[in-house]
Every structure is written in structure tokens, then in C-alpha cells.
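The next block holds one structure in the form of C-alpha cells; read it before the comments.
Number of protein chains: 2
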Amino acid sequence: MYRTNTCGELTLKNKGQEVTLCGWLQRSRDLGGMTFIDLRDRYGITQLAFNMETNPELCEKARKLGREYVLQAKGTVIERASKNSKIPTGEIEIEVHELNILNKSKNPPFTIEDKSDGGDDLRMRYRYLDIRRNPVRRNLELRHRMAMLVRNYLSGKDFLEIETPMLIKSTPEGARDFVVPSRMNPGEFYALPQSPQQYKQLLMVAGMDRYFQIVRCFRDEDLRADRQPEFTQIDCEMSFVHQEDVLNMFEGLAKHLFHEVKGLDFDKFPRITWHDAMRRYGSDKPDIRFGMEFVELNDVAKGNGFALFDNAELVVGICAKGCAEYTRKQLDALTDFVKRPQVGAGGLVYIKYNSDGTFKSSIDKFFSQEQQKAVADRFGAEPGDLMLILCGPAMKTRMQLCALRLEMGDQLGLRNPDVYAPLWVIDFPLLEWDEETQRYYAMHHPFTSPKPEDQSLLDDESRWGDIRADAYDIVINGVEVGGGSIRIHDRELQNKMFHTLGFTDEKAYEQFGFLMDAFTYGAPPHAGLAFGFDRLCSLFGGADSIRDFIAFPKNNSGRDVMSGSPAPISQEQLDELMIDVKQTAKQ
Amino acid sequence: MYRTNTCGELTLKNKGQEVTLCGWLQRSRDLGGMTFIDLRDRYGITQLAFNMETNPELCEKARKLGREYVLQAKGTVIERASKNSKIPTGEIEIEVHELNILNKSKNPPFTIEDKSDGGDDLRMRYRYLDIRRNPVRRNLELRHRMAMLVRNYLSGKDFLEIETPMLIKSTPEGARDFVVPSRMNPGEFYALPQSPQQYKQLLMVAGMDRYFQIVRCFRDEDLRADRQPEFTQIDCEMSFVHQEDVLNMFEGLAKHLFHEVKGLDFDKFPRITWHDAMRRYGSDKPDIRFGMEFVELNDVAKGNGFALFDNAELVVGICAKGCAEYTRKQLDALTDFVKRPQVGAGGLVYIKYNSDGTFKSSIDKFFSQEQQKAVADRFGAEPGDLMLILCGPAMKTRMQLCALRLEMGDQLGLRNPDVYAPLWVIDFPLLEWDEETQRYYAMHHPFTSPKPEDQSLLDDESRWGDIRADAYDIVINGVEVGGGSIRIHDRELQNKMFHTLGFTDEKAYEQFGFLMDAFTYGAPPHAGLAFGFDRLCSLFGGADSIRDFIAFPKNNSGRDVMSGSPAPISQEQLDELMIDVKQTAKQ
Chain A
1 MYRTNTCGEL
11 TLKNKGQEVT
21 LCGWLQRSRD
31 LGGMTFIDLR
41 DRYGITQLAF
51 NMETNPELCE
61 KARKLGREYV
71 LQAKGTVIER
81 ASKNSKIPTG
91 EIEIEVHELN
101 ILNKSKNPPF
111 TIEDKSDGGD
121 DLRMRYRYLD
131 IRRNPVRRNL
141 ELRHRMAMLV
151 RNYLSGKDFL
161 EIETPMLIKS
171 TPEGARDFVV
181 PSRMNPGEFY
191 ALPQSPQQYK
201 QLLMVAGMDR
211 YFQIVRCFRD
221 EDLRADRQPE
231 FTQIDCEMSF
241 VHQEDVLNMF
251 EGLAKHLFHE
261 VKGLDFDKFP
271 RITWHDAMRR
281 YGSDKPDIRF
291 GMEFVELNDV
301 AKGNGFALFD
311 NAELVVGICA
321 KGCAEYTRKQ
331 LDALTDFVKR
341 PQVGAGGLVY
351 IKYNSDGTFK
361 SSIDKFFSQE
371 QQKAVADRFG
381 AEPGDLMLIL
391 CGPAMKTRMQ
401 LCALRLEMGD
411 QLGLRNPDVY
421 APLWVIDFPL
431 LEWDEETQRY
441 YAMHHPFTSP
451 KPEDQSLLDD
461 ESRWGDIRAD
471 AYDIVINGVE
481 VGGGSIRIHD
491 RELQNKMFHT
501 LGFTDEKAYE
511 QFGFLMDAFT
521 YGAPPHAGLA
531 FGFDRLCSLF
541 GGADSIRDFI
551 AFPKNNSGRD
561 VMSGSPAPIS
571 QEQLDELMID
581 VKQTAKQ
Chain B
1 MYRTNTCGEL
11 TLKNKGQEVT
21 LCGWLQRSRD
31 LGGMTFIDLR
41 DRYGITQLAF
51 NMETNPELCE
61 KARKLGREYV
71 LQAKGTVIER
81 ASKNSKIPTG
91 EIEIEVHELN
101 ILNKSKNPPF
111 TIEDKSDGGD
121 DLRMRYRYLD
131 IRRNPVRRNL
141 ELRHRMAMLV
151 RNYLSGKDFL
161 EIETPMLIKS
171 TPEGARDFVV
181 PSRMNPGEFY
191 ALPQSPQQYK
201 QLLMVAGMDR
211 YFQIVRCFRD
221 EDLRADRQPE
231 FTQIDCEMSF
241 VHQEDVLNMF
251 EGLAKHLFHE
261 VKGLDFDKFP
271 RITWHDAMRR
281 YGSDKPDIRF
291 GMEFVELNDV
301 AKGNGFALFD
311 NAELVVGICA
321 KGCAEYTRKQ
331 LDALTDFVKR
341 PQVGAGGLVY
351 IKYNSDGTFK
361 SSIDKFFSQE
371 QQKAVADRFG
381 AEPGDLMLIL
391 CGPAMKTRMQ
401 LCALRLEMGD
411 QLGLRNPDVY
421 APLWVIDFPL
431 LEWDEETQRY
441 YAMHHPFTSP
451 KPEDQSLLDD
461 ESRWGDIRAD
471 AYDIVINGVE
481 VGGGSIRIHD
491 RELQNKMFHT
501 LGFTDEKAYE
511 QFGFLMDAFT
521 YGAPPHAGLA
531 FGFDRLCSLF
541 GGADSIRDFI
551 AFPKNNSGRD
561 VMSGSPAPIS
571 QEQLDELMID
581 VKQTAKQ
């Protein structure tokens, strides 16, 4: 070893010891008689001391070193004159008697500090320097720790981690696949998995019973902010279980992570049906760190001559406690907020419940004080509160109000990243109508089972929208961190489902034939769930972006600016693969 | 849960308990008054008993079930009349009072037994049924267990598992890449990693110090038997270490696996230089479960008028203890063996040391009894031994003799799969001459460091073949299970290495520029190693084929016969990707 100790472990207990440390020069301070160097490695920082009087030659050498030089220092652990209580090694320093430069460094393009002066692009281009910074390093350490916790927990529950193939068959249903031309089978392609869905179901048919895998998945989507073309899932599947068993198992996993990583313990996670979640929060992933639930107002709001309300399918609002003092300017800003294209509301109605018991609203013209009182009572509002009301088509309005609720939560500091509010959203709709293609799509995926009591509705096309699925999401702080479903294990029901989704028998068999075949050989009842691991890590790490928790992420064009991938390949490679790049795509 | 217990856990301790089991019908026996069903799940087999007298209806139902039906049985644990001591549950059975068919099954295409009647192709096509068989299931369980052991061991040594990208940049050096067309960047391609080599070195530059990853890798090679286009590595890298530290660390990991999985404990693994391995065993992955080391005979074999010997660069042989009684037929078979094209020798010379002290050989014409005695003395042979001798160009002859040595090991039962003989092979040559392209290639990869004492030879092209690398392989029972090297961390040396390999500055920078750039910002001394995880599992599982340890392997054409991948994709997909399949490849 080049070193006897790390830069994070020496304290007064080691006083007098001869040690060798290695690391990077974080900073150096030249105080005339003394030169100090902060030597950094993954484990911490230790101060090296050089004395101009006792060892001028070495001290001169130390003074010439630049930032991020890689050093090996041998010396004695001594007590510091001026201690630094902020770091574990702050009571000691190393009186150096030998110093070796293991490697030089150019001056880094940004500062290697917790708060760097480097912009996002620059830091991504030099990601290997960015990772030297504490916040990024800690994120990757957290990710490692969480992966270990997940694996050991599930392994302890008899789950087996089984690796499924990365080179699979392309299935056009769902998002777009990345494909891989096969040289040995010209004209044919593999696809990279969007998830190991079919393979994990096959493993259940294979009797493997409890499967998991922390696995890379791929989706060739137009990248929205904070989406990655490759991402990691904790993918799980179980046999001989009901929904209750699955929820309990993975609630157990989530609680274990909260306990180990955050020191937090939870009672049973609340559960809410998808319909209730939409009605109460306008979202299938409600942030329940705070209340401010939706209050539906049709009966008290309609019939007062205010056409917007009278003509609306739904009048619905939230009550912001203690916000009656909001200024004109603040209210205008809220109106602007809901009118932004991303939210899309036509306008915002407010009612202030003044502390003197009177009401002041944007609809004073139409609503008497008593009528406003009736609305306030419906909200359970008290003097000092501010009521914010939207109206329009029911679902659209709910989603607009959801955005406003989250905005108010932010403004009132109700969305503290150190507070965690997990819940289950259950009973998702089985099918989702798509206006564009004029057909139903599986909301979850085509293998999700309708609830047994709703299965008969599959025979009545007019009721397809009402069918509920045995599907569930785990949501934390308004973020969907996982989801899954009871799977269809009966081939007949699976066929019916494919027909519902507009597959002909041939098309279904062409795409899912091997799974359908497998189901004829004794498929057990089974169910599963997958967590988005990148997202889960970012949530536990208290950050918004998943990129901060991926060692080498890609940018929004799917590009790795560090390595310069993707890139053109040689004509020889193309020839071997028997493919051509279309003329229009050539550069 | 559909069940209260598994089929592998009930014993007499549970006598009298009401239980519910789920599983697959392994076999049923109709004995007239009684019907017995072996119910199987991942955990074992439990016998279900149905009594025609006490419950004729249920018994009739049970008789109608086919193989591999999925059943749920409720009943009472009772003591068996005739016990089966071969299985843990053999002392009990379930007196069933409720039986539910959870799913039917077609008759499987092969028997779900330890020894199946299904051929390889059929079992691969129905791999989900193949996995139901104990041997395959146990292999996957072993693989899971070994992955957990590796992760927990390395994590305990401060290694962080860090996920590196799967969509990376293509690097023509080395084996052929699988490529992935980028839709968002038309005309450009990602490559799938052959290993995370460059990323793990960047993580060292990033200060991460101790990295590992159990990671999928890809190689688009013409598949030899038992090669897979996707395979799994335990990929590791460390900073601030010398070769000695790396060997000790991963020897520790291997010992840990041997101890935990096989109950075997080892002293320090032997180490042998590459040159010695070639000289003593004719292989860089010698099987040292048995001796039979090479004996070089030039001085005693030449000059006796036997032209083949006299003209050969090397005369070399092995001594097979106690084989002097080999018949003419056996000796002819050995001659045929070495003459096979895969071995390629021109012929085989034998000398029998008869038990009466005389010699009988295929070169009696040229070698007197005394001269044969001199050869025998060189071998340290005793009466009763058989000496087998080859001659020709040194390296070729050694490799031929290696094949013969292994064949003799097999014939003499010296290669017991329950015996494990690990060792390190060190000091590999840095460069390998390729006749075809008339240039040197990196034997390991272009980032491997020459031994410090040999670095000066880089300046003398005539000596390039003599340069030794700080590169090492871990070999068990003649199988290379892992390998690695000290990396070059100095940019100047790396540049020199690229030049040696025939890269221009531009070409090197185009391909490895980001790594070379990274090395200018304080790269620490570092080194690493990767284990072939599939191979490691098969070795610990006592099997020859890695396919038995992969849940869903591909065949020798890179095809998954179960899912039918690869397959053509739609024109729409091709259009989106801006690529065409060449006309000649279309089917």
C-alpha cells in the first residue's frame, strides 16, 4: 500500500504515530514560517504541516505544489496548535518528513469545493473532477448503501436476485425501444429492456417464487428534464400472493430504508384509491406532507349567477390557512401561476376570510357575504384564511388545482425535504383512453389484472373506462417511487386483455407468444412491483435531480459530454452489421 | 398469502397443524384406496394424501389432475405410514380437506426431473420449465448467494458499488462492440460496454478509491462454445496500491467464497510467472490439481541421430506415473489425440520404463537403453512410468503438450471437480505480436503498466516482446476466472504505450481522449481486476458450462430460442433511427 491510513481517521488517539497518507492537495496556506496543506481523500481531510525552520528544503517543495496534485506524505501525528472542530481530524496534523509527488495536476476548470464555481455543463464534462466534491461523492456513497440495504433485506426474505438478459426482443407496445443490430443475424435486432417485465413473469412460471433484481433499464424517449435514457430499477416479483401481501412486503422494505438511512420509523403507510387521490389532491401521486385537501363546491357555488361557476362541470378549491393577508400583488402572482401554459387554468377565484369575520373576494359582485360564508363553512375556513377556487372540466380542473396546491405548499414552507410522507395509491384504472389514436391503452401494462369484481366489465366496451386494476403505486412526498400490480396468470383473461388493447391474435402472439405459451404450462398467481432506484436515492438524499445520484449521467439530448457518446462509427462497423445510415442523417 | 407454509419446511414438529400449501404437481400415485400427490415448490416437495374412503369426492378430483398443475391444498400435517428419509419433509404428509386448482398445465414437453428427458434445444426453448428442475434452480440459487457474498465482502472492505453507463462510446480497439443507433442524434451510435474499464479508471481519478460492480458486459464475437454475447463481471479497481495489495485483496475474496460456499480453507495461493507457467505447463492457466510438470530434454534428447529431435527447437515431455502398462491401442489413441487439428502435433514419442527396469520406446532405434535411462533420470521416472515426449517449435510444442497433459489428467482421474487448486499467474508479457496484422497488440489492454524495471525497453523496438507487465490472472483448476493489472497513471507513459500499439496521436485522442485528459488532473496510482462471474459460478457449482448458471442464456448463434430474439424490427422503427438494413441482409 502507498499509505498506512486514510485522510479521515487520524485523531489525538494516534498522536505520535508514524503514518503515510495519500491524497489530493485541497488547498495550501503559506504562513511564512509554516506551510500547511489540506490533503484530501474519499474519507476526509488531514492537515500536513511543513516547517521552514526545521526543514526548509521540504517546505520549499511543499510550496510549489498546485491544487489537486496527488501526494504521498510520511510524517508524525502531532497535536494542532489551533484546532478545527468542524472535521474529525481537526485536532491533529502531520509533521511531514517525506513528501512524494505521485502525480501532477493541471489547474482544475472549477473549484473542488462543496459549493463549486463550475456550471452544470462544465462539471458534467469533467465529471471525474465533479465526483471529487463531497456532495457528489456522498450521493454515490448513499446509493451504494441503499443498494446493499435493499439486497440484504430482500435476500433475507428469500428473494433471489436473478439476472435477466439485456439483449431481448423488441416489443413495440409501450415506450420506444433502443435496438441493437445483430451481426450474426443480419437484418435482425435485439432490443434493450425497458424493464425485465416478461422475464420476471417467466421466472414466476419457472417457480422461482420471489425474485428481485437491481437492474438497468432503457427507454428511448424524448428526454424531459431529469429523465435518463438508461435508469435503474429495483425490480421485484412474487408468487402465491394477494395485493395485501405485496404492499406489506415492500412497505417493509421502504420502512427498513427509512429506519436505516434516515433514522425514521413509520406506522402503516396510508392507502388511498386512485379515484380518491384525484378527488382530494388532483394527482395520482399526492404530496401528503401537508393537508390543504380539495373541497368540492358545486352545490354552494352554483346558482349565484356567476356564469363561470354555473357552466362548469366542477367548482373546487383549497383553503390556505392564515393567508387572508395576501396582497393584491401576491394574488395576482397566483393568478399568473395558474394561467401559465403548464397549468392552463383560465383564472383564479379567491375569497379572503378577514380576521374581522367579513369576506373579500374576486366574486363579491355575485356572492353576498352570506353566500361567501356558506362557501367558507364548506371549506371549514376560519377568519384569517384564504380560499382559492378553480372551475372547469372536472379532471382538468383538479390537475390545475393540484399545481396550485403544491405552489401554496412551497410558499408556506409545507414541503420540507427532511419530512417524509409515504403512502400507497391503489385501485388504478385498468385502461386509459387515448384521444389521438382513439383507443384504450393499458395504464400500467398489458399484464396487469383487472380487479376480480370488475372483470365482467371487460365484456361491455362502454364500461371499459370504469374497470379498476389491482395496481398500486408507492408515493413519497409527491413523487412516485414505485409501482406494480397483480398480474394476469390466466391465459384466457390475458387474451381478452390483448383484444381490449386492440391486438389481433396474430399480433399478440407475434409479440408476446412466448409469454402466452408459458402461461399454458402452469403459471402461478403472481404480482410484482418496481422501484425507480435513481429517484429513490435522490429522495433519500434530499435532492431534486436524479442526475446527482448517477455517476456518469447523460444530458437532455441523451449525450455524455465527457466521453462524447454517441458518436459516428466506422463504415467497416456498419458494413459488418449490414446496415446503412440514411443519407439525410449523415453529417 | 395463498399459503401458510412452503413445501420444504414441514416436519414431524408440525404434526397436527392446519396448513395451506401451494405448488406444482410433480407426480401422483393412485393406489386405489389412497391417492398421493407430490406437491413441489422452490423449497421442496411435500406429499398430499387423499383418502377414497373418507373423502371420495376430493380424491376423485385429485386423480384427475395432470402434471405441473398449480394447486393450493389445505389440510392437516400427519405422520406418514411409510417414511421417505431422502427428503426433509419425508416423515409427514398432508391429509387434504380442500383442494383448489390455481392453474392448469399442458403436459410439459420434457420431464421436470433432475435427469430430464429433454434435449438441450428443447429445454432452452422452454427454459421457464427447465428452471423448475432442481439442478438449474440450485445453480441460480448458488449464483444469488455468491453475488451476495461478493457484495457484502467487498462492501465490508470499503469498496463502493458504482453503476457505470451501459450506453457508451465505441472503441474499435479490442473485441467487436455491439452498437445502439441514437434516434436523437441521427447517424450516431452508442456502444454497449465490453467492460467498464475506462469508467472505473475515471472513478479512480475521481478519488473513489475502491470501486466494484457486478456488471453486465457485451462482446460481439463469433461465439465459441460456451461464450455468451452478454456476460457478467465482478469488476474491481483500487487506488494507492501495489500489485501485492491487489493480489492479497482478491485472494481474500476468493478464500471467503471457498470458505462460505464449499467449506474449504486455503493457505496463500501459489504464484507463478507467466514464463514459468508456459515452461512448466505450456499454459497461462495451468491446472495444478496434479503435477506431471513438463521436463525439457534438449540436452539428453538431441545428438542421438533422431532427426526430429535433433532439428527441433524444443524436446519436452511429461511423465505419467504408473502408466508403463499402457497398451499399443492406448498409445495409438494418445498419438491420435495429439495429431488432432485442435492439438496439431506431428506425432508422439513414448518411453515405457518397464517394471523390470528395461525400457521400451518408439525410438528404440535411435536411443540405447542407457540413453533412455538418461532421459528417464531427467524425468525422475521410476519403473512402471510412461514418458510422453513431443518436439518442435518451443511455444507450439508446449501448448500441444499442455493438451496432452490435461488429457492424461482426465484419463488418470486427476481432475476431480470437487478438488480446487487456485493460483496466481503473474508477470504477463505486455505486448503480443500479431502475425496477420504485423504489429504488437496489448496482451491485456492498452492501460496496463509495464513493470517499472522493464519500462526502458519501450524505447527499443527489438525488445518489445520481452517487456513484462504488472498483469496477473487468477486461475482455478485450469480456468482463468479473473485477471487484472496495475494501470498506467502517467500520461506520458500512456502516450508512449499508445504509440507502441501503433496509434497516432490523433487516433489515440479520438478514442481515449477523455481518459487521457482525465489523467492530466491528478490520476492516482491504481490497479484492478475483474472476475468472470458466470465462469466463477459454474466452477463453484461443479459444472462445465456457464449456460447452466445463466437464467436465460443465448445459443451459439447469439439467439434466444425462447423469445425468438433477435428479430426484424418495423420499418417505422428503422425510419425513426435513420438507418436502413442493407438489401442483401433482408430476408
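So the protein lines, in turn, are chains A and B. Mapping of the first sequence onto my numbering: position 585 corresponds to residue 585, and the numbering continues sequentially without gaps. Mapping of the second sequence onto my numbering: position 444 corresponds to residue 444, and the numbering continues sequentially without gaps. Glycine is no exception: its CB is placed at the ideal position from the N, C-alpha and C atoms. Because the structure is a prediction, the values reported are computed rather than measured.
G392/B bridges to which residues according to DSSP? For the purposes of this step, residue 392/B is identified with residue 392 of the second sequence, where counting begins at 1. DSSP output for G392/B lists L314/B as bridge partner(s).
Burial state of Q583/A (16 or more Cβ within 10 Å): Here residue 583/A corresponds to residue number 583 of the first sequence, with the count starting at 1. Its Cβ having fewer than 16 others within 10 Å, Q583/A is exposed.
Residue burial classification, N107/A (beta-carbon count within 10 angstroms, cutoff 16): Taking the first sequence and counting its residues from 1, one reaches residue 107/A at position 107. Per the 10 Å Cβ criterion, exposed.
Compute the beta-carbon to beta-carbon distance between L129/A and I112/A, rounded to the nearest angstrom, for a pair I have assumed lies under 8 Å. Indexing the first sequence from 1 puts residue 129/A at position 129. Indexing the first sequence from 1 puts residue 112/A at position 112. Right, the Cβ-Cβ distance comes to about 6 Å (below 8 Å), so this counts as a contact.
Using the three-state DSSP reduction, which class does S565/A fall into: helix, strand or coil? Position 565 of the first sequence, counted from the start, is the residue given in the question as residue 565/A. In the structure shown, the three-state DSSP call for S565/A is strand.
Any residues in the stretch 152 to 164 of chain A with a beta carbon nearer than 9 Å to a beta carbon of chain B? Which ones, in chain order? Correct list: N152, S155, D158, F159, L160, E161, I162, E163, T164.
As a quick exercise: from L102/A, Y126/A, E293/A, pick the residue whose alpha carbon is nearest that of M562/A. Translated into the one-based positions of the first sequence, residue 562/A becomes position 562. Between M562/A and the set L102/A, Y126/A, E293/A, the nearest pair of CA atoms involves Y126/A.
Verify whether the separation of the beta carbon atoms of V425/B and V475/B is less than 8 Å. As a working note, residue 425/B is residue 425 in the second sequence. As a working note, residue 475/B is residue 475 in the second sequence. Contact flag set, yes.
Taking the alpha carbon of E18/B as the reference point, which residue from R29/B, Q201/B, S361/B, I92/B has its own alpha carbon closest? Numbered from 1 along the second sequence, position 18 holds the residue referred to as residue 18/B. Between E18/B and the set R29/B, Q201/B, S361/B, I92/B, the nearest pair of CA atoms involves I92/B.
Residue burial classification, P648/A (beta-carbon count within 10 angstroms, cutoff 16): Any answer about residue 648/A is impossible in this case: the structure gives chain A only from 1 up to 587.
Start and end of the beta strand (DSSP E) containing D434/B? On the second sequence, residue 434/B is found 434 positions in, with the first residue counted as 1. Note, D434/B: beta strand (DSSP E), 431 to 434.
Which residues of chain A have a Cβ atom closer than 9 Å to the Cβ of Y199/B, listed in chain order? In the second sequence, the residue the question calls residue 199/B occupies position 199. Simply A551, F552, S563.
Expected contact under 8 Å - CB spacing of Y521/A and S28/B to nearest Å: What you label residue 521/A is simply residue 521 of the first sequence in a count that begins at 1. What you label residue 28/B is simply residue 28 of the second sequence in a count that begins at 1. With a Cβ gap of about 17 Å, Y521/A and S28/B do not count as contacting.
Does the CB of Y69/A have a neighbour CB from chain B at under 8 Å? By 1-based counting over the first sequence, the position of residue 69/A is 69. At least one C-beta of chain B is nearer than 8 Å to the C-beta of Y69/A.
Mapping the DSSP letters down to three states, classify I214/B as helix, strand or coil. Position 214 of the second sequence, counted from the first residue, corresponds to residue 214/B. In this structure, I214/B counts as strand in the three-state DSSP scheme.
State the start and end residues of the unbroken beta strand (DSSP E) segment that holds P422/A. As a working note, residue 422/A is residue 422 in the first sequence. Here the beta strand (DSSP E) through P422/A covers 422 to 426.
Where do the ends of the beta strand (DSSP E) carrying L616/B lie? Because chain B in this structure spans residues 1 to 587, residue 616/B falls outside the shown range and cannot be described.
Chain B contact residues for A518/A, given Cβ-Cβ distances below 7 Å: Here residue 518/A refers to the residue found at position 518 when the first sequence is read from its first residue. Residues of chain B passing the Cβ test: Y128.
Which one of R279/B, G263/B, P286/B, K268/B has the shortest CA to CA distance from E296/B? Looking up residue 296/B in the second sequence gives position 296. With distances taken between CA atoms, E296/B lies nearest to R279/B out of R279/B, G263/B, P286/B, K268/B.
Is any beta-carbon of chain B found at less than 8 Å from that of L149/A? Here residue 149/A refers to the residue found at position 149 of the first sequence. At a cut-off of 8 Å between beta carbons, L149/A makes no contact with chain B.
Tell me which residues share the same chain as M166/A and place their Cβ nearer than 7 Å to its Cβ, disregarding the 5 neighbours each side in the sequence. In the first sequence, the residue the question calls residue 166/A occupies position 166. Cβ within range, chain order: L192, P193.
Going by the C-beta, is R133/A closer than 7 Å to any heavy atom of the ligand FMN? For the ligand FMN, the structure offers nothing, since it holds no ligand at all.
Near-chain B residues of the stretch 95 to 116 of chain A - C-beta to any C-beta below 8 Å: Going along the stretch 95 to 116 of chain A in chain order, one finds L102, N103, K104, S105, K106, P108 with a Cβ nearer than 8 Å to chain B.
Around the Cβ of F266/B, are there at least 16 other Cβ atoms within 10 angstroms (buried) or fewer (exposed)? Here residue 266/B refers to the residue found at position 266 when the second sequence is read from its first residue. Exposed, since its Cβ has fewer than 16 Cβ neighbours within 10 Å.
Within 8 Å, do at least three Cβ pairs link the stretch 448 to 459 of chain B to the stretch 533 to 541 of chain B? The stretch 448 to 459 of chain B and the stretch 533 to 541 of chain B do not touch, with fewer than three beta-carbon pairs separated by less than 8 Å.
List the residues of chain B whose Cβ lies closer than 8 Å to the Cβ of I131/A, in chain order. Residue numbering aside, residue 131/A sits at position 131 when the first sequence is read from its first letter. Listed along chain B, the residues sitting closer than 8 Å to I131/A by beta-carbon distance are L203, A206, G207, M208.
With three or more C-beta pairs closer than 8 Å as the rule, is the stretch 433 to 441 of chain A touching the stretch 317 to 324 of chain A? Taking a contact to require three or more Cβ pairs closer than 8 Å, the stretch 317 to 324 of chain A and the stretch 433 to 441 of chain A do not qualify as touching.
Please identify the residue among F379/A, Q369/A, L404/A, I272/A whose C-alpha is closest to the C-alpha of T335/A. For the purposes of this step, residue 335/A is identified with residue 335 of the first sequence, where counting begins at 1. Check the Cα spacing between T335/A and each of F379/A, Q369/A, L404/A, I272/A: the tightest is with L404/A.
How would you list, in chain order, the residues of chain A whose beta-carbon sits under 8 Å from the beta-carbon of A523/B? Locating residue 523/B in the second sequence gives position 523, where the first residue counts as 1. Correct list: V70, N103.
Same chain, Cβ closer than 6 Å to E98/A, neighbours up to 5 away in sequence not counted: Taking the first residue of the first sequence as position 1, residue 98/A is located at position 98. Excluding sequence neighbours, E98/A sits near K74.
Going along the chain, which residues of its own chain have a beta-carbon closer than 6 Å to the beta-carbon of F110/B, five neighbours each way excluded? By 1-based counting over the second sequence, the position of residue 110/B is 110. Within the same chain, and ignoring the five residues on either side of F110/B in sequence, the residues whose Cβ sits closer than 6 Å to its Cβ are S116, D117, G118, L122.
With a cut-off of 8 Å, do at least 3 Cβ pairs link the stretch 223 to 234 of chain A to the stretch 565 to 580 of chain A? Cβ pair count under 8 Å is below three, so no.
Would you call D220/A buried or exposed, if buried means 16 or more other Cβ atoms sit within 10 Å of its Cβ? The residue labelled residue 220/A in the question sits at position 220 within the first sequence. The C-beta of D220/A has 16 or more other C-beta atoms within 10 Å across all chains shown, which makes the residue buried.
At which residues does the alpha helix (DSSP H) containing F498/A begin and terminate? Numbered from its first residue, the first sequence carries residue 498/A at position 498. First-last of the alpha helix (DSSP H) with F498/A: 491 to 500.
For N495/A, which residues in chain B fall below 9 Å Cβ to Cβ? Along the first sequence, read from residue 1 onward, the residue named residue 495/A stands at position 495. Against N495/A, chain B offers no close residue; the least beta-carbon distance is about 15 Å (beta-carbon pairs closer than 9 Å).
Any beta-carbon of chain B closer than 8 Å to the one on F250/A? Within the first sequence, numbered from 1, the residue matching residue 250/A stands at position 250. Chain B contact via Cβ: absent.
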